[in-house]
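Asker:
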Amino acid sequence: GLFVWRLRNTGVRQIPYRFVHLYHIANDRLITFQYFNFLKRMYVTQYNKDLSQRAKPKSDSIVSPFHELQQLDHEKKVVHKISPVSPVHQLWSETSNGNELREVKSATEIEDSVVPVGAESKEDGQWKEMKLRLDDLPGILARLSKIKLTALVVSTASAGFAMAPVPFELTCFLLASLGTGLASCAANSINQFFEVPFDSNMNRTKNRPLVRGQISPLLAVCFAAACGVPGIALLTLGVNPLTGALGAFNIFLYTCCYTPLKRMSIANTWVGAVVGAIPPIMGWTAATGSLDAGALLLGGILYSWQFPHFNALSWGLREDYSRGGYCMMSVTHPGLCRRVALRHCLALIGLSTVAPVLDITTWTFPVISLPINLYISYLGFRFYRDADRSSSRKLFFCSLWHLPMLLLVMFTCKKSVLEKEDKGDLPGRSRERAMEIRLP
Amino acid sequence: PPAHSRSDWIGPPDKHSNLRPVVFYVPPEESALERRLREARQEAQASNQRFWARHNRAFRQEKEEFIYSRLKAKGLEMRDESGQKATLNAEEMADFYKDFLSKNFKKHLQYNRDWYKRNFRITFLMGQVALVRALRWLRRRKKNVEQ
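Chains A and B, in that order, are what the protein sequence lines are. Counting from -9, one number per residue, gives the positions in the first sequence under my numbering. Counting from 13, one number per residue, gives the positions in the second sequence under my numbering.
#1: Name, please, each residue of chain B whose Cβ falls closer than 9 Å to the Cβ of A:Q116.
#2: So with CB distances below 8 Å, who are the chain A contacts of B:A13?
#3: With DSSP collapsed to three states, give me the class of B:W21.
#4: Go through its chain and collect everything with a Cβ distance to A:V321's Cβ below 6 Å, but skip five positions before and after it.
#5: Closer than 9 Å, Cβ to any Cβ of chain A: which residues of the region 76 to 89 of chain B, in chain order?
#6: Does the contact criterion of 3 or more C-beta pairs under 8 Å hold for the region 39 to 52 of chain B versus the region 141 to 155 of chain B?
#7: In chain order, what residues of the same chain have a beta carbon less than 6 Å from the beta carbon of A:C335, not counting five sequence neighbours either side?
#8: Can you look up B:E103 in the DSSP assignment and give me helix, strand or coil?
#9: One question on the structure: do A:A166 and A:T249 come within less than 9 Å of each other, judged by their Cβ atoms?
#10: In chain B, which residues lie with their C-beta within 7 Å of the C-beta of A:V321?
#11: Using a C-beta to C-beta distance shorter than 9 Å, which residues of chain A count as neighbours of B:D20?
#12: Leaving out five residues before and five after A:T226 in sequence, what residues of the same chain have Cβ atoms less than 6 Å from its Cβ?
#13: Run through DSSP, which three-state label would A:G129 get?
#14: Are the CB atoms of A:L288 and A:I271 within a distance shorter than 9 Å?
#15: Let me see if you follow: with CB-CB separation under 9 Å, is B:N156 close to chain A or not?
#16: Whose C-beta lies closer than 7 Å to the C-beta of B:F63 among residues of the same chain, with five residues either side of it excluded?
#17: I want to verify the contact list: residues of chain B whose CB lies under 7 Å from the CB of A:E159, in sequence order.
#18: In this structure, does DSSP put A:V105 in helix, strand or coil?
#19: When the Cα of A:A331 is compared with those of A:P346, A:Y316, A:A302, A:W353, which residue comes out closest?
#20: Can you pull out the residues from the region 250 to 265 of chain A whose beta carbon lies closer than 9 Å to at least one beta carbon of chain B?
#21: Counting only Cβ pairs nearer than 8 Å, list the residues of chain A close to B:E103.
#22: Quick check on the DSSP output: what are the complete alpha helix (DSSP H) runs of length 4 or more inside the region 333 to 409 of chain A, in order along the chain?
#23: Assuming B:F36 is part of the alpha helix (DSSP H), what are its boundary residues?
#24: Between the Cα of B:Q54 and those of B:A65, B:V35, B:F108, spot the shortest distance and give me the residue it belongs to.
#25: For A:C403, collect the residues of the same chain with a Cβ closer than 6 Å to its Cβ; drop the 5 residues on either side in sequence, then sort them by chain order.
#26: List the residues of chain A that B:P127 touches, going by C-beta distances under 8 Å, in chain order.
#27: Mind checking the region 28 to 44 of chain B against chain A and listing, in chain order, the residues whose C-beta falls within less than 7 Å of any C-beta there?
#28: Around the Cβ of A:C246, are there at least 16 other Cβ atoms within 10 angstroms (buried) or fewer (exposed)?
#29: Counting C-beta neighbours from all protein chains within 10 Å, is the total for B:H67 16 or more, i.e. buried, or is it exposed?
#30: Label B:S81 either buried or exposed according to how many other C-beta atoms from any shown protein chain fall within 10 Å of its C-beta, with 16 as the threshold for buried.
#31: Flag this pair as yes or no: are the beta carbons of A:G115 and B:P24 separated by less than 9 Å?
#32: For A:I137, tell me which candidate among A:R383, A:L172, A:L124, A:V156 has the shortest Cα-Cα distance.
#33: Take the Cβ of A:Q204 as the centre, count every other Cβ of all protein chains shown within 10 Å, and call the residue buried at 16 or more, exposed below.
#34: Got a sec, what are the start and stop residues for the alpha helix (DSSP H) B:Q57 sits in?
#35: For B:S59 and B:K119, what's the separation of their Cα atoms in angstroms?
#36: Run through the DSSP bridge pairs and tell me what A:K136 is partnered with.
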C-alpha cells in the first residue's frame, strides 16, 4: 500500500517537470513534434487508466473530457488494451466528458460486478480516517483539478497562441498558459464539488478525491478559489483583459451551465463544446489582444471536434448515464447523436478549408489535412450507419490522434510572419522575433 | 473505526447506494455550530443513501424484468444450457436505458435541487466552523505570547 502511494506521488510530480522541460524545448523551436508526442502519450496514459477501471472499459463527457482523466493508481493495473485517450474538455468539456472506453463485449450485463484490479480494490474495502495528510495533498489536488485534462486544455491554448500571426513573446506565452491552467484547475475542482453522489455511482469517476473523502468540500472550494482568482487576475492584468474575461466566462460556463445542465437536458453537449473551444481562443487573444476571425476559426475547429469525440465515447457509457440520471444524446436521442457526430466531422473539412482564406495558414493546410479529415469523416459515417460499439470505439480513438495531428499540421502550415513583413505590415524591430517563427 | 479516534472515518462504498458511509466523531466539547454541521452532514448522508439505494435497486430490478420480457419474446430462457445467464447486447438494452432515464427525470430534478442546497449549506457551515476555530486558535496564541 505504501509503495503504491509513493509511486503515485512521484508520478504526479514527474508530469509538471516533464512539462516544464518541454516548454523549454518549445522556446527554441516553438511547438515541436516531441511536444505533440508527449500530448499523445499523455492522452494514452489517461485513457489507459480509465480503461483499466473496468473489465469492460472513457472520460467523462466532454472535453474535457473528456473530461477525465483519472489517476495514476490505475497505471499499475494489468488491464490494458488500447491506446488512445481523451479529454478535455477536453479539454474542459471533454474532460468532463467521457473518457472511458469500454471493452466491448456482447455480454456486458454480466460484468457489472467486475472490480478494478490492484491496490485500489484493497484500499477500497477498508475504513479510512478522514484526516488530511500533507504529503498526500499534492496528489489529491492533482486529481481534484484533473491535472492531465488541464494540461491538455493548456496545450490547446498554446496552439491558439502559436497560431496567432504575431511575433512570439515568451513571457506572454507563459503567463497565458499559467493563467489558463489555473482557471482550468478551478473549474474542474468546482465540477467535482458539485457532482459527488453522481461520481460515486459511475465507474469512471468513483475514485475521485471528494468521493473517497480524502479532502473536505470546504477545502475543494478554497482550492478552486485559490486557483481561479489568481488565474483570472493573472490573465486580466498580466496578459490582457479580454483573455481574463474569456477565462472567467469559461469557468462560469463550465461550472454553472454545463455541470447542472448535464442532468437536465441534452443541450449540455453543445455548451460543453463551447467550453472546449474557448481555450484556443484565449491563446489567440493573449497573443494578439483582439478577437480576430482566426481565433474564431480555431475555436470553431475545436468546437466541431468535440462532437465526434464525445458522442462516440458516450455511446459506450449509456448504462451508467441512464442509471446516474445524465441526459445525454446517446441515451435519449441516439439517432441525433450519430448525425451530429458525422455533421461535425464534415464541418472540420470545411473549417480547414477556410483557414487559408483567412490568411492563417497557407493553402497546403487544407490539402495535407484532407486525408485525416476524410478518415475521421469516414469513421463518423460508419458510426452513423452501423451505430454499434466497434464503430463508436474506432471513431473515438481516431479523434484522439486526429486533433493533435491537425493542430500540428496547422502549425507547420502557418503563414509565415516574414511574408507579411515583406509586405510592410510589421515594424522592423520584430524582424529578429519573426525569424523564430520561420517554419521548418 | 477505533474508539479512541478523534476524527471522522469513511468506509468502503455501500453495496446498494455506492456511497461511502461516514462515521462522525462527536467531540465532548462540541459547540452548537459544530453540532449543526454534524447533523446536517448526517442528514444529507442518510437522505443520499435512501435515494441511491432505492434508485439503484429499482434500476437492477427493472433491468432484469426488461431482459426477461425481451428474452421471452425471442423465445429464449433466462439461462442457457451451460447455466450462464443469458443477456441482451448493448443495442437492445438501449431502449431500456432511454426509457429508464425519461421515467426518472423528474425524480432526478428534485434530487438535484435538494443535493445542491444541502451541499452548499454543509460547505458554508464548514467554513463558519473553520473560521471560529481559527479565531479561537489565534486568541489562544495571543494569550500565550502575552503570558
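Every residue, glycine too, gets a C-beta built ideally from N, C-alpha and C.
Answerer: In this structure, then:
#1: G23, P24
#2: Sequence check: residue 13 of chain B is Pro here, not Ala. Simply W117, E119.
#3: strand
#4: These residues qualify, in order along the chain: R308, Y311, S312.
#5: Residues I79.
#6: Counting Cβ pairs under 8 Å, three or more are found: they touch.
#7: These residues qualify, in order along the chain: P298, I366, S367, G370.
#8: helix
#9: Against a cut-off of 9 Å, the Cβ pair of A:T249 and A:A166 comes out as no contact.
#10: Annotation: Cβ neighbours of A:V321 in chain B (cutoff 7 Å, chain order): Y109, K110, L113.
#11: E119, M120, K121, G203
#12: These residues qualify, in order along the chain: G234.
#13: helix
#14: It is a contact, given that the beta carbons lie within the stated cut-off.
#15: no
#16: Y123
#17: Here the premise fails: no neighbours, minimum Cβ distance about 40 Å.
#18: With a pLDDT of 39 at A:V105, under the threshold of 50, the predicted position of this residue should be treated as unreliable, though the coordinate-derived value follows. Looking at A:V105 - three-state DSSP - the assignment turns out to be coil, as it is neither helix nor strand.
#19: A:A302
#20: P250, R253, M254
#21: A377, D378
#22: 354 to 376, 379 to 402
#23: First-last for B:F36: undefined, no H or E at that position.
#24: B:V35
#25: T351, T352, T354, F355
#26: A quick correction: the sequence has Trp, not Pro, at residue 127 of chain B. Those are P187, listed as they occur along chain A.
#27: N30, L31, R32, V34
#28: exposed
#29: buried
#30: exposed
#31: yes
#32: Sorting A:R383, A:L172, A:L124, A:V156 by C-alpha distance to the C-alpha of A:I137 places A:L172 at the top.
#33: buried
#34: 44 to 86
#35: 14 Å
#36: Paired residues: none, contrary to the question.
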